[in-house]
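K.L.:
Starting off with a structure, shown below.
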Amino acid sequence: MKNSRTTVLSILFFFCLFVTKNLMADSERAYRIGLTAVILNDQTSFLKEWQDYLSDYLKRPVQFIQRQTYQEVTDLLLSGDLDAAWTCGYPYVRHRDKLKLLGVPLFNGKPLYRSYLIVPATDTRTRGIIDLKGKVFAYSDPDSNSGFLYPQVSLIEEGIEPQHFFSKSFFTWAHRDVVKAVADGVAQGGSVDGYVWETLSRHDPALTAGTRLANKSPLFGFPPLVVRKDISRQRFFALRGALLNMSSGAEGRRLLQQLNLDGFTEGEDSLFDGVAGLVRILDGVK
Numbered sequence: 161m162k163n164s165r166t167t168v169l170s171i172l173f174f175f176c177l178f179v180t181k182n183l184m185a186d187s188e189r190a191y192r193i194g195l196t197a198v199i200l201n202d203q204t205s206f207l208k209e210w211q212d213y214l215s216d217y218l219k220r221p222v223q224f225i226q227r228q229t230y231q232e233v234t235d236l237l238l239s240g241d242l243d244a245a246w247t248c249g250y251p252y253v254r255h256r257d258k259l260k261l262l263g264v265p266l267f268n269g270k271p272l273y274r275s276y277l278i279v280p281a282t283d284t285r286t287r288g289i290i291d292l293k294g295k296v297f298a299y300s301d302p303d304s305n306s307g308f309l310y311p312q313v314s315l316i317e318e319g320i321e322p323q324h325f326f327s328k329s330f331f332t333w334a335h336r337d338v339v340k341a342v343a344d345g346v347a348q349g350g351s352v353d354g355y356v357w358e359t360l361s362r363h364d365p366a367l368t369a370g371t372r373l374a375n376k377s378p379l380f381g382f383p384p385l386v387v388r389k390d391i392s393r394q395r396f397f398a399l400r401g402a403l404l405n406m407s408s409g410a411e412g413r414r415l416l417q418q419l420n421l422d423g424f425t426e427g428e429d430s431l432f433d434g435v436a437g438l439v440r441i442l443d444g445v446k
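Taking this note's numbering as reference, the numbering of the sequence shown is continuous, increasing by one, and the terminal residue is 446.
Rendered as structure tokens:
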């Protein structure tokens, strides 16, 4: 009986030791955050400043890992190679069973944004996407709500097959490059994140001056930062706290100003019901 009790106590001791070591290793590991291309002209300098700010707040190294597409970032997150990712509402809705919200940016005081239909500044006639029949159209990313999902569904709801509507369409893989393609006349129309267009208007007005805003979508939940559902509570709340507290200090506010954001909020899953509705429509015609 005594030997059995000793064996049980030994097992419990080593189990507790194992758990403690794992928790310590988890807390010391660098935070890895995935991003696609950001909109700032000097993005390398800004990301270094933001990385340093978050590292100081968390008392742990922070690494920004950039990839060209939402798909690449999503794959890294789902495979466990990232702790968090700043993605779009579209991939979040697609993988909502595996992901949860970390924080949602506040733009003009709200966790909302729109898709913008833009055309060259010289085009004074286009009022909607159906006016661009037979034209060349630029999308941003096939996993972007504002840059692909919304314009696709807009055509479907008009009874139009998107793949046969334009003379040509292509992906630029960045919202900024949609604006550039339209401004340069490479495309006669494009669909872009309204926040990106508005922020470029502040940081690079010469670029957006070559375009005209032809139409706006309804409001959608702003592209969120997300994590896998199996992330540890410690890392989840540490990361969330770092984001939510950015607006409370001078350095955090300075960085937010460069991003043209007011801060971050926890966000509600219902913010993305509109995107989920678009996904159901798109899936219904496939």
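The beta-carbon is built from N, C-alpha and C at its ideal position, and this holds for glycine as well.
By the 10 Å Cβ neighbour count, where 16 or more other Cβ atoms means buried, how is residue 391 classified, buried or exposed?
P.N.:
Label assigned to residue 391: buried.
K.L.:
Could you tell me which residues DSSP puts in a beta bridge with residue 298?
P.N.:
330, 350
K.L.:
Mind checking who residue 223 pairs with in its DSSP beta bridge?
P.N.:
192
K.L.:
Check the C-beta distance from residue 494 over to residue 265 and give it rounded, since I have them as a contact under 8 Å.
P.N.:
No statement about residue 494 is possible, as the shown extent of the chain runs from 161 to 446 and does not include it.
K.L.:
So, for residue 157: in the same chain, excluding its five sequence neighbours on each side, which residues have a beta-carbon less than 6 Å away from its beta-carbon?
P.N.:
Here the chain has residues from 161 to 446 only, and residue 157 is not among them.
K.L.:
Excluding five sequence neighbours on each side, which residues of the same chain lie with their C-beta closer than 6 Å to the C-beta of residue 308?
P.N.:
299, 302
K.L.:
Which value, in whole angstroms, describes the spacing of the CA atoms of residue 226 and residue 297?
P.N.:
26 Å
K.L.:
Count the C-beta pairs between the stretch 332-342 and the stretch 252-271 that are closer than 8 Å, then say yes if the count reaches three, no if not.
P.N.:
no
K.L.:
Considering only DSSP beta bridges, list what residue 120 is partnered with.
P.N.:
The shown model of the chain, from 161 to 446, leaves out residue 120, and the question about it has no answer.
K.L.:
Please identify the residue among 372, 419, 379, 329 whose C-alpha is closest to the C-alpha of residue 432.
P.N.:
379
K.L.:
Is the beta carbon of residue 281 sitting closer than 9 Å to the one on residue 366?
P.N.:
no
K.L.:
Over what stretch of residues does the beta strand (DSSP E) that includes residue 198 continue unbroken?
P.N.:
It is not in any beta strand (DSSP E) - residue 198 carries neither H nor E in the DSSP assignment.
K.L.:
In terms of residues, what are the limits of the alpha helix (DSSP H) holding residue 320?
P.N.:
From DSSP, residue 320 is part of no alpha helix (DSSP H); its letter is neither H nor E.
K.L.:
Between the Cα of residue 268 and those of 399, 381, 409, spot the shortest distance and give me the residue it belongs to.
P.N.:
Looking at 399, 381, 409, the one whose alpha-carbon comes closest to that of residue 268 is 381.
K.L.:
Unbroken alpha helix (DSSP H) runs of length 4 or more, entirely within the stretch 376-435: which are they?
P.N.:
393-404, 410-419
K.L.:
With a threshold of 16 other CB atoms inside 10 Å of the CB of residue 221, please say whether the residue is buried or exposed.
P.N.:
Burial state of residue 221 is exposed, judged by a 10 Å Cβ sphere holding fewer than 16 other Cβ atoms.
K.L.:
Sort 372, 231, 394 by Cα distance to residue 195 and report the nearest one.
P.N.:
The shortest C-alpha separation from residue 195 is found at 231.
K.L.:
Got a sec? Which residues, its chain only, sit under 7 Å from residue 389 by beta carbon, not counting five neighbours each side?
P.N.:
258, 259, 260
K.L.:
Along the beta strand (DSSP E) that carries residue 277, what are the first and last residues, could you check?
P.N.:
275-280
K.L.:
Quick one: is residue 204 buried, meaning 16 or more other Cβ sit within 10 Å of its Cβ, or exposed?
P.N.:
Exposed is the call here.
K.L.:
If residue 445 sits next to residue 316, beta carbons under 8 Å apart, how far is it from one beta carbon to the other, in whole angstroms?
P.N.:
6 Å
K.L.:
Let's see if you can read the secondary structure: which residues bound the beta strand (DSSP E) around residue 244?
P.N.:
Boundaries of the beta strand (DSSP E) harbouring residue 244: 244-246, taken from the DSSP string.
K.L.:
For residue 371, which residues does DSSP report across the bridge?
P.N.:
Answer is 280, bridged to residue 371.
K.L.:
Could you compute how far the alpha carbon of residue 349 sits from the alpha carbon of residue 234?
P.N.:
28 Å
K.L.:
If the criterion is Cβ atoms closer than 9 Å, does the pair residue 355 and residue 273 meet it?
P.N.:
yes
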